[in-house]
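Read the structure below first, then the notes.
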Amino acid sequence: MRLSQRGVPVIAILVLLLAVPYDAASHTARTAPHARVSDGDRRTEPFGADCRVAVTGSEVTAYCHNPYPETDAVSLHIECDRWWDIDSDGAPRPAGAAETVRLTGRCWKEVRSAWVSHARTDD
Numbered sequence: 103m104r105l106s107q108r109g110v111p112v113i114a115i116l117v118l119l120l121a122v123p124y125d126a127a128s129h130t131a132r133t134a135p136h137a138r139v140s141d142g143d144r145r146t147e148p149f150g151a152d153c154r155v156a157v158t159g160s161e162v163t164a165y166c167h168n169p170y171p172e173t174d175a176v177s178l179h180i181e182c183d184r185w186w187d188i189d190s191d192g193a194p195r196p197a198g199a200a201e202t203v204r205l206t207g208r209c210w211k212e213v214r215s216a217w218v219s220h221a222r223t224d225d
C-alpha cells in the first residue's frame, strides 16, 4: 500500500497530536488564584491585589488594586533588555483594603520583562 504525498502531512499531524499528553495539549491553565503567593503562605481567605503592568518605551507603570480586607505588599520588578542596563526590584508598597497603588520604574533602553510580586504583611 502506497500513501499519497498529500496524506503524509495529515498522518504526521495526527501522530503528533496523539503522542502529546492531554495536559500539554489542553489550553486551560491550572494556576493558583495568585500565582506569586507561595503554597505554604496561602490561607483559605482570598488574598492579593489585581495588578496591570504597562510598558511604554523604557518606562514601566503598574496599577495594583486590592479588593480584599488584608493588606498586600506589592513590589515592581523590571528586567532590562541590554546587558549593561541595571535591572530593578522595587521596595514593597502596601496596598490596603480597597486601595489602588501606582508603581513605576524604568530602564535606560528597552524593557525585557516586568512583573509585580505579592507578599502578606504582619498586620
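Just so we're aligned, residue 103 is where the sequence shown starts under my numbering, counting upward by one. Even for Gly, the Cβ is constructed at its ideal location relative to N, Cα and C.
Query raised in the report: What are the start and end residues of the beta strand (DSSP E) that includes SER219?
Result: Stepping through the sequence shown from its first residue, residue 219 is reached at position 117. 213-222 is the extent of the beta strand (DSSP E) around SER219.
Taking the continuous beta strand (DSSP E) assigned at PRO196, which residues delimit it? Within the sequence shown, numbered from 1, the residue matching residue 196 stands at position 94. First-last of the beta strand (DSSP E) with PRO196: 195-197.
Mapping the DSSP letters down to three states, classify ILE180 as helix, strand or coil. Counted from its first residue, the sequence shown places residue 180 at position 78. In this structure, ILE180 counts as strand in the three-state DSSP scheme.
Exercise. Buried or exposed: ALA197, going by 16 or more other Cβ atoms within 10 Å of its Cβ?
Worked result: Here residue 197 is taken as the residue at index 95 of the sequence shown, counted from 1. Per the 10 Å Cβ criterion, buried.
Label VAL213 either buried or exposed according to how many other C-beta atoms from any shown protein chain fall within 10 Å of its C-beta, with 16 as the threshold for buried. Stepping through the sequence shown from its first residue, residue 213 is reached at position 111. By the 10 Å Cβ count, VAL213 comes out buried.
*Roughly how many angstroms lie between the CA atoms of TRP186 and ARG208, to the nearest whole one?*
Stepping through the sequence shown from its first residue, residue 186 is reached at position 84. Stepping through the sequence shown from its first residue, residue 208 is reached at position 106. Using only the alpha carbons, I get a separation of about 14 Å.
_Alpha carbon of THR146 to alpha carbon of ALA216, nearest angstrom_ = Sequence index remark: in the sequence shown, residue 146 carries index 44 (1-based). Sequence index remark: in the sequence shown, residue 216 carries index 114 (1-based). Taking the straight line from one Cα to the other gives about 28 Å.
To the nearest whole angstrom, what separates the beta carbons of PRO194 and ALA221, a pair I think is in contact under 8 Å? Mapped onto the sequence shown, residue 194 falls at position 92. Mapped onto the sequence shown, residue 221 falls at position 119. That belief holds up - the Cβ atoms of PRO194 and ALA221 are roughly 6 Å apart, short of 8 Å.
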